[in-house]
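Structure record follows, encoded as structure tokens.
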Amino acid sequence: MSDLNVFRQETREWLEENCPQSMRSPIIAGEGACWGGRKWVFASEDQ
Numbered sequence: 274m275s276d277l278n279v280f281r282q283e284t285r286e287w288l289e290e291n292c293p294q295s296m297r298s299p300i301i302a303g304e305g306a307c308w309g310g311r312k313w314v315f316a317s318e319d320q
């Protein structure tokens, strides 16, 4: 297996273990994108 394939597999495994399911879908432009600020309210605890 090439180094690139090993890296990809290790990355997939790490994401599976560390990335909550609720964070695995892309955000819709304008919704859920935090551009900074002190009073931002996140949509979920995972964010």
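For the sequence shown, the positions run 274 to 320 when our numbering is used. Backbone N, C-alpha and C define an ideal beta-carbon position, used for all residues, glycine too. The model shown is predicted, which means the values in this text are computed figures rather than measured ones.
Cα atoms of Glu286 and Gly310: separation of roughly 33 Å, rounded to the nearest angstrom. In this structure Asp319 touches Ser295 by the C-beta definition: roughly 5 Å separates them, less than 8 Å.
Excluding sequence positions up to five before and after Trp313, its CB lies within less than 6 Å of the CB of Cys307, all in the same chain and listed in chain order.
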